[in-house]
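In our numbering, the protein residues as written are 300 to 578.
Cβ coordinates follow ideal geometry from the N, Cα and C atoms, glycine included.
On a predicted model such as this, the values are computed, not experimentally measured, just so you know.
So the structure is just underneath, and the comments pick up after that.
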Ligand SMILES: C[S@@+](CC[C@H](N)C(=O)[O-])C[C@H]1O[C@@H](n2cnc3c(N)ncnc32)[C@H](O)[C@@H]1O
């Protein structure tokens with residue numbers, strides 16, 4: 300038996316609960332994914348049937364977390380969407396330098412929301428290390444609701460296939476070749492602080508200058524997307540930048556964010572104080 304069959308009622312119960320807990324929306328189309336994951340969880344937690352398991356997750360937050368972890372897609376890679384990283388290097392970082400140039404101790408705060416196994420925040424950390432002037436401090440927070448992914452992220456050990464997108468000079472400079480893969484060096488690893496966070500709730504973060512939330516809200520429905528985007532707005536600083544995934548957009552959403560078109564990618568901006576002169 301590779302899967303279990305949920306009745307329509309059971310499917311509705313589980314998909315509603317998952318949605319309430321995380322914003323992740325299971326449609327009929329990905330019903331079989333839910334069924335496969337539930338089969339695995341039933342087996343591991345030795346539950347006789349889906350409704351007993353349903354009662355278990357309602358009563359037990361830890362098992363709820365494990366279920367949420369198991370239904371997420373954690374696919375990621377280093378320097379995913381090169382256009383966005385070019386925009387970061389060529390437009391966003393120069394702009395941040397210009398905004399902060401009068402400060403003697405400039406601090407740039409970054410949040411990678413839905414960071415999966417760490418490739419995204421580590422890519423950002425390498426670019427900032429290379430491109431920001433030495434007097435600039437950074438604080439990079441990377442969060443996810445997948446504890447499994449966060450543990451891998453914290454190890455910072457990546458096999459040959461995983462480091463494929465890393466530019467050669469960065470690979471030489473910031474990774475140590477070991478048996479079976481590459482260990483990210485401490486100077487980059489220590490720049491990123493990982494944290495468990497469910498985007499369904501307020502993060503408590505504030506004054507974020509760069510927010511990456513890529514390939515995460517694609518799994519949410521409209522209402523959950525709007526709620527997350529509004530919370531992002533509140534946690535960001537004036538003149539800050541928001542990076543969404545390639546196939547995600549704020550188009551059609553009522554939001555205060557402005558489209559920010561660069562030659563390499565479309566980003567979003569929270570503009571309060573002054574308008575940028577970039578395209
Ligand atoms: C496809 S990965 C994207 C990783 C990375 N941002 C990238 O673009 O390569 C999506 C991540 O979002 C996380 N995620 C999904 N729903 C979430 C939620 N409600 N709160 C926090 N993280 C969530 C998943 O656990 C997964 O690691």
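Practice problem: Could you tell me if the beta carbon of residue 525 falls within a distance shorter than 8 Å of some heavy atom in ligand 1? | Solution: Taking the first residue of the chain shown as position 1, residue 525 is located at position 226. It does not: the Cβ of residue 525 is nowhere closer than 8 Å to a heavy atom of ligand 1.
Quiz item: Taking one C-beta from the stretch 475-486 and one from the stretch 434-443 each time, how about it: are there three or more such pairs within less than 8 Å?
Solution: no
Self-check item: Inter-residue spacing [alpha-carbon to alpha-carbon] between residue 404 and residue 433
Solution: Taking the first residue of the chain shown as position 1, residue 404 is located at position 105. Taking the first residue of the chain shown as position 1, residue 433 is located at position 134. Their Cα atoms are separated by approximately 10 Å.
Practice problem: Tell me residue 437's beta-bridge partners as DSSP assigns them. | Solution: For the purposes of this step, residue 437 is taken as residue 138 along the chain shown, with counting starting at 1. DSSP output for residue 437 lists 407 as bridge partner(s).
Quiz item: When every heavy atom of ligand 1 is checked, does at least one fall within less than 8 Å of the C-beta of residue 566?
Solution: Position 267 of the chain shown, counted from the first residue, corresponds to residue 566. Flag unset: Cβ of residue 566 not near ligand 1.
Quiz item: In the structure shown, what three-state DSSP assignment does residue 346 receive?
Solution: In the chain shown, counting from the first residue as 1, residue 346 sits at position 47. The answer is coil: DSSP assigns residue 346 none of H, G, I, E or B.
Self-check item: Which listed residue (455, 566, 306, 324) has its alpha carbon closest to that of residue 517
Solution: Here residue 517 corresponds to residue number 218 of the chain shown, with the count starting at 1. The option with the nearest alpha carbon to residue 517 is 324.
Self-check item: Closest by C-alpha distance to residue 548, when choosing among 519, 534, 570, 562
Solution: Mapped onto the chain shown, residue 548 falls at position 249. Residue 519 is the option with its Cα nearest to residue 548.
Practice problem: Would you mind listing the alpha helix (DSSP H) stretches within the stretch 465-492 that are 4+ residues and don't spill past its ends, in chain order? | Solution: 467-473, 485-488
Quiz prompt | Inter-residue spacing [alpha-carbon to alpha-carbon] between residue 451 and residue 506 | solution = Indexing the chain shown from 1 puts residue 451 at position 152. Indexing the chain shown from 1 puts residue 506 at position 207. About 28 Å.
Quiz prompt | In DSSP terms, what residue 569 is bridged to | solution = On the chain shown, position 270 is the one that residue 569 refers to. Among the bridge pairs identified by DSSP, residue 569 is matched with 539.
Exercise. Output the boundary residues of the alpha helix (DSSP H) element that contains residue 418.
Key: Residue 418 sits at position 119 when you count from the first residue of the chain shown. First-last of the alpha helix (DSSP H) with residue 418: 418-430.
Quiz item: What do you reckon, are the CB atoms on residue 421 and residue 515 nearer than 9 Å?
Solution: For the purposes of this step, residue 421 is taken as the residue at position 122 of the chain shown. For the purposes of this step, residue 515 is taken as the residue at position 216 of the chain shown. Going by C-beta atoms, residue 421 is not nearer than 9 Å to residue 515.
Exercise. Specify the secondary structure class of residue 377 as computed by DSSP and reduced to three states.
Key: As a working mapping, residue 377 is identified with position 78 in the chain shown. Residue 377: coil per DSSP, three-state reduction.
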